[in-house]
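Residue numbering for the sequence shown follows numbering that gives the first Met the number 0, beginning at 0 and increasing consecutively. Just so you know, even glycine gets a beta-carbon here, dropped at the ideal spot from N, CA and C. Model, not experiment: these values are computed from the prediction. Contents: one structure, followed by commentary.
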Amino acid sequence: MENTNKQIDPSGHIKTYALRTGRMTDAQKKAYHTLYSRYGITEADSGIVSSEKLFSNSKPLIIEIGFGMGQATSEIAQKRPDYNFLGIEVHTPGVGKLLILIEELKLDNLKVFHGDALPFLANHIADNSLAGFHIFFPDPWPKKRHHKRRIINKENLAFFTRKLKPEGYIYFITDWEEYAESAKAIFDAEPGLYNSSLHESGWAERQDWRPVTKFELRAKQEGRTIRELFYRKRETKPSSET
Ligand SMILES: C[S@@+](CC[C@H](N)C(=O)[O-])C[C@H]1O[C@@H](n2cnc3c(N)ncnc32)[C@H](O)[C@@H]1O
0 MENTNKQIDP SGHIKTYALR TGRMTDAQKK AYHTLYSRYG ITEADSGIVS
50 SEKLFSNSKP LIIEIGFGMG QATSEIAQKR PDYNFLGIEV HTPGVGKLLI
100 LIEELKLDNL KVFHGDALPF LANHIADNSL AGFHIFFPDP WPKKRHHKRR
150 IINKENLAFF TRKLKPEGYI YFITDWEEYA ESAKAIFDAE PGLYNSSLHE
200 SGWAERQDWR PVTKFELRAK QEGRTIRELF YRKRETKPSS ET
């Protein structure tokens with residue numbers, strides 16, 4: 000039967016974003032039209048995506064879901080040349096902006112997909128293939144009736160874990176305390192992951208390669224706590240699971 004629920008995408012996932020009608024600058028529009036064919040991937044030509052296919056090398060591949068305007072994305076790619084990065088975002092101005100940054104900074108280890116990350120992962124990323132996921136300040140969906148739209152829920156986390164290689168990681172950050180607490184409980188309950196933070200509290204430190212963004216500085220100035228989770232995939236499932 001045809002899926003008529005606008006909140007469910009074709010791969011059966013609940014949509015985790017609300018499309019904003021942000022205006023694009025002329026530079027972003029131009030970048031989108033001239034650079035996407037070089038640094039972007041389209042559904043039609045992607046098939047199963049890997050470092051070999053996208054970058055013609057075998058560096059570990061990290062996916063960022065929801066890069067916003069791509070400030071952190073481009074800086075991290077620049078600081079970590081031994082990894083390849085694929086940034087995924089639905090917001091068109093952000094895609095334009097990141098394309099500009101890739102060109103300006105001459106980044107040869109970063110590509111972009113414009114679209115919803117969940118069906119993209121389902122259709123184009125092999126299980127046990129990724130070195131990591133970055134999920135930075137995802138939409139908090141603060142109202143209780145919208146919590147089901149959060150990118151971190153039990154099903155999505157199990158799905159992301161399946162896409163990781165053993166020891167691959169998921170790095171999640173939020174400034175929304177209640178989301179942080181509930182995400183941590185979901186991470187702790189996922190049998191395929193372990194918390195790789197050395198802190199007794201279970202919260203992680205900022206990784207030294209991650210820049211502090213303008214958004215994050217404002218959140219701190221407004222008195223919100225930045226919570227970070229850094230979990231890795233277990234080599235094998237715990238024995239109770241086998
Ligand atoms: C609150 S913003 C944070 C952006 C950025 N990570 C930052 O730290 O500034 C969350 C972003 O995730 C994007 N997003 C949410 N769900 C997504 C999905 N399923 N696929 C791709 N992008 C998504 C939204 O469009 C939005 O730009």
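Check	Outcome
Looking only at its chain, what residues have a beta carbon closer than 8 Å to the beta carbon of residue 28, apart from the 5 residues adjacent to it on each side?	95
So does residue 91 have its beta carbon nearer than 6 Å to some heavy atom of ligand 1?	no
Assess, as a yes-or-no matter, whether the segment 88 to 103 is touched by the segment 128 to 138 under the definition of 3 or more beta carbon pairs within less than 8 Å.	no
Am I right that residue 137 and residue 150 are in contact with their C-beta atoms under 8 Å? What's the rounded C-beta distance?	5 Å
Starting from the C-beta of residue 77, find all residues in its chain whose C-beta is less than 8 Å away, skip the five residues before and the five after it, and write them out in chain order.	104 and 106
Measure the C-alpha to C-alpha separation of residue 51 and residue 143 and round it to an integer number of angstroms.	42 Å
Kindly confirm or deny that the segment 117 to 126 and the segment 199 to 208 touch, where touching means at least three C-beta pairs closer than 8 Å.	no
Among 221, 139 and 185, which one has its Cα closest to the Cα of residue 230?	185
What is the rounded straight-line gap between the Cα of residue 176 and the Cα of residue 162?	27 Å
Return the CA-CA distance between residue 92 and residue 33, expressed in angstroms with no decimal places.	14 Å
So, helix, strand or coil for residue 185, using DSSP?	helix
Are there 16 or more other CB atoms within 10 angstroms of the CB of residue 88, so buried, or fewer, so exposed?	buried
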